[in-house]
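S.K.: Last residue of the sequence shown: 923 in my numbering, with the numbers rising by one and none dropped.
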Amino acid sequence: MSEPIQKHDRTYEIHEVSALTGLEPARLRAWERRYSAVRPTRLANRYRVYSAEQVALLRAFARLIAEGARIGALVDLSPNEVLERAEATSLEGSPLGPLVTAIRALDRVSLQERVKRLVAELGRGRFSEEIVLPLSQLVGDLWAVGRLTIASEHMATEVVLGALKQQLQLTSGIEPVVLAACLEGEQHEWGVLATLAQLCERGWRAHYLGPDLPLREVIEAAWTVQPACVALTSSAADNLASRLSELRRFRSKLPPGTMMLIGGEGIRPHARHLREAGFRMDVSALPDPASLRFPVGS
Numbered sequence: 626m627s628e629p630i631q632k633h634d635r636t637y638e639i640h641e642v643s644a645l646t647g648l649e650p651a652r653l654r655a656w657e658r659r660y661s662a663v664r665p666t667r668l669a670n671r672y673r674v675y676s677a678e679q680v681a682l683l684r685a686f687a688r689l690i691a692e693g694a695r696i697g698a699l700v701d702l703s704p705n706e707v708l709e710r711a712e713a714t715s716l717e718g719s720p721l722g723p724l725v726t727a728i729r730a731l732d733r734v735s736l737q738e739r740v741k742r743l744v745a746e747l748g749r750g751r752f753s754e755e756i757v758l759p760l761s762q763l764v765g766d767l768w769a770v771g772r773l774t775i776a777s778e779h780m781a782t783e784v785v786l787g788a789l790k791q792q793l794q795l796t797s798g799i800e801p802v803v804l805a806a807c808l809e810g811e812q813h814e815w816g817v818l819a820t821l822a823q824l825c826e827r828g829w830r831a832h833y834l835g836p837d838l839p840l841r842e843v844i845e846a847a848w849t850v851q852p853a854c855v856a857l858t859s860s861a862a863d864n865l866a867s868r869l870s871e872l873r874r875f876r877s878k879l880p881p882g883t884m885m886l887i888g889g890e891g892i893r894p895h896a897r898h899l900r901e902a903g904f905r906m907d908v909s910a911l912p913d914p915a916s917l918r919f920p921v922g923s
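Have a look at this one:
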């Protein structure tokens with residue numbers, strides 16, 4: 626359940642930056658040492674922390690290098706030039722281009738029409754994987770570096786996620802249920818909704834509770850809905866860390882036999898503890914939904 630980088634005061638440790646950019650920590654350190662590509666802030670404990678703007682710039686470097694550019698040449702450019710080139714590379718020949726144009730222009734009608742057409746052409750599973758996830762990353766990066774207004778980002782979120790939420794309703798009502806929510810303090814829904822759309826394509830029925838939900842509310846909903854699986858998401862490692870003790874006790878408070886899934890960039894530093902608590906970390910770890918169905922009338 627990946628999430629976009631958002632423009633706020635949060636900083637990112639090097640392992641988080643590695644996950645968000647695809648660049649190994651060793652490469653990040655080498656770029657800092659040899660090229661001063663990005664200079665993170667050093668905390669009192671000497672740990673590196675990166676701003677959202679720096680993460681977006683590093684992701685732009687990574688995109689351009691994947692296309693054959695050299696870091697030594699890129700660092701001679703201004704950050705704006707790097708970001709412009711990376712954006713052009715991402716959008717060239719891509720269906721994302723017209724979407725970003727409509728988002729920038731605050732053209733809601735055009736954005737809605739294009740999203741509707743793409744959903745019809747690709748289906749909800751491919752739409753979530755090929756359009757929603759890369760668009761969320763691009764929108765987040767553009768916002769983080771001030772190349773997209775807050776109003777544009779909000780409109781994109783409402784239109785794209787609104788379309789996804791509609792697609793989640795297109796189930797027969799027989800499938801096993803996955804009950805999903807964002808952890809308390811989490812507002813970013815792109816990743817979790819895209820993941821739920823893909824699960825629906827596999828035969829699950831999504832029951833989405835929304836963002837910023839306390840765990841006690843998720844537990845209460847689970848006893849009401851009786852899902853086969855409860856799925857949580859966290860984009861921020863520090864937010865998840867503050868809830869680890871609750872998450873360790875989470876399984877004992879759910880209906881017996883309920884599977885647990887957790888995703889998002891925030892889980893990476895805590896993966897071992899979450900696995901020990903019984904959480905699955907990947908949607909591919911969930912069983913075939915057909916094996917969980919009860920015969921009609923049973």
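Even for Gly, the Cβ is constructed at its ideal location relative to N, Cα and C.
Can you tell me whether serine 676 is helix, strand or coil according to DSSP?
M.R.: strand
S.K.: Determine the burial state of isoleucine 639: buried for a count of at least 16 other Cβ atoms within 10 Å of its Cβ, exposed for fewer.
M.R.: So isoleucine 639 counts as buried.
S.K.: Please return the same chain residues whose Cβ sits closer than 7 Å to the Cβ of glutamate 678, not counting the five positions on each side in sequence.
M.R.: Ala769, Val770
S.K.: According to DSSP, simplified to helix, strand and coil, what is glycine 771?
M.R.: Coil at glycine 771, not helix or strand.
S.K.: Could you tell me whether the segment 889-904 touches the segment 866-881, where touching means 3 or more Cβ pairs closer than 8 Å?
M.R.: yes
S.K.: Straight-line CA distance for arginine 684 to glutamine 762?
M.R.: 10 Å
S.K.: In this structure, does DSSP put threonine 796 in helix, strand or coil?
M.R.: It is coil, neither helix nor strand.
S.K.: Report the rounded CA-to-CA distance for arginine 671 versus arginine 654, giving the unit in angstroms.
M.R.: 13 Å
S.K.: Report buried or exposed for aspartate 701, applying the criterion of at least 16 other Cβ atoms within 10 angstroms of its Cβ.
M.R.: An exposed status is given to aspartate 701, since fewer than 16 other beta-carbon atoms sit within 10 Å of its beta-carbon.
S.K.: Below 8 Å CB to CB, which residues in the same chain sit around leucine 834 once its five sequence neighbours on both sides are set aside?
M.R.: Leu804, Ala805, Ala806, Glu842, Val843, Ala846
S.K.: For tyrosine 637, which of Trp656, Arg658, Arg664 has the nearest alpha-carbon?
M.R.: Arg664
S.K.: Between which two residues does the beta strand (DSSP E) holding glycine 887 run?
M.R.: According to the sequence displayed, residue 887 carries isoleucine and not glycine. Looking at the DSSP string, the run of the beta strand (DSSP E) that includes isoleucine 887 is 884-888.
S.K.: Out of Leu838, Thr714, Leu708, Met885, state which residue places its alpha-carbon closest to the alpha-carbon of arginine 772.
M.R.: It is Leu708.
S.K.: Using beta-carbon positions only, say whether alanine 745 and leucine 789 come within less than 7 Å of one another.
M.R.: no
S.K.: Quick check on this structure: which residue in Asn864, Phe904, Val725 has the alpha carbon closest to the alpha carbon of proline 876?
M.R.: The question names proline, but residue 876 in the sequence shown is arginine. Nearest of Asn864, Phe904, Val725 to arginine 876, Cα basis: Phe904.
S.K.: Could you tell me the distance, in whole angstroms, from the CA atom of glutamate 778 to the CA atom of arginine 742?
M.R.: Using only the alpha carbons, I get a separation of about 20 Å.
S.K.: Taking glycine 891 as the reference, give the member of Ser859, Val725, Met780 with the closest Cα.
M.R.: Nearest option by C-alpha distance: Ser859.
S.K.: For valine 642 versus valine 680, is the C-beta distance shorter than 7 Å?
M.R.: Against a cut-off of 7 Å, the Cβ pair of valine 680 and valine 642 comes out as a contact.
S.K.: Near aspartate 913, which residues of its chain fall below 7 Å by C-beta distance, leaving aside the five closest residues on each side in sequence?
M.R.: Result list for aspartate 913: empty, nothing under 7 Å.
S.K.: Throw me the rounded Cβ distance for the proline 836 and glutamate 800 pair, which I believe falls under 8 Å.
M.R.: With a Cβ gap of about 24 Å, proline 836 and glutamate 800 do not count as contacting.
S.K.: In terms of residues, what are the limits of the alpha helix (DSSP H) holding arginine 813?
M.R.: Per the sequence shown, the amino acid found at residue 813 is histidine instead of arginine. Boundaries cannot be given for histidine 813, as no alpha helix (DSSP H) includes it and DSSP labels it neither H nor E.
S.K.: In angstroms with no decimal places, state the Cα-to-Cα distance between valine 764 and valine 725.
M.R.: 8 Å
S.K.: Quick check on glutamate 709: does DSSP put it in helix, strand or coil?
M.R.: helix
S.K.: For leucine 917 versus alanine 853, is the C-beta distance shorter than 7 Å?
M.R.: Going by beta carbons, leucine 917 and alanine 853 fall inside the 7 Å limit.
S.K.: Does the separation of the CB atoms of leucine 689 and alanine 711 fall below 7 Å?
M.R.: A contact, by the Cβ cut-off of 7 Å.
S.K.: Pick helix, strand or coil for alanine 806, following the three-state DSSP scheme.
M.R.: strand
S.K.: Just confirm the distance between the C-beta atoms of threonine 646 and alanine 687, as a whole number of angstroms; I'd bet it's less than 8 Å.
M.R.: 5 Å
S.K.: By DSSP's criteria, tyrosine 833 is part of a beta bridge. Which residues make up the other side?
M.R.: Ala805
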